[in-house]
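Accompanying notes for the structure given below.
In our numbering, the protein residues as written are 45 to 105.
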């Protein structure tokens, strides 16, 4: 069962808070690893330039 599902089903406020803290910790870990991987990727691929446009704007029809 996922942490999100456990949080929804938790009846005890202390348990719910502990699960929310655990989920937050997992999310921070994923974010940190992603940032590290992106920095490594950009360092290994200096020829790839970021465009001035927002990616979301480019995807709009």
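Positions of the beta carbon are idealized from the N, C-alpha and C atoms, including for glycine.
Backbone CA spacing between residue 91 and residue 61 [nearest angstrom]: Position 47 of the chain shown holds residue 91. Position 17 of the chain shown holds residue 61. Their Cα atoms are separated by approximately 45 Å.
According to DSSP, is residue 109 part of a helix, a strand, or is it coil?
For residue 109 there is no data in the structure shown, the boundaries of the chain being 45 and 105.
**Asked** Are residue 63 and residue 72 close, meaning C-beta to C-beta below 9 Å?
**Response** Taking the chain shown and counting its residues from 1, one reaches residue 63 at position 19. Taking the chain shown and counting its residues from 1, one reaches residue 72 at position 28. Not a contact, by the Cβ cut-off of 9 Å.
Minimum C-alpha distance to residue 47 - residue among 79, 86, 67:
In the chain shown, counting from the first residue as 1, residue 47 sits at position 3. Closest option to residue 47, Cα to Cα, is 67.
* With DSSP collapsed to three states, give me the class of residue 52. => Here the question's residue 52 lines up with position 8 in the chain shown. In the structure shown, residue 52 sits in a helix (DSSP, three-state: H, G or I).
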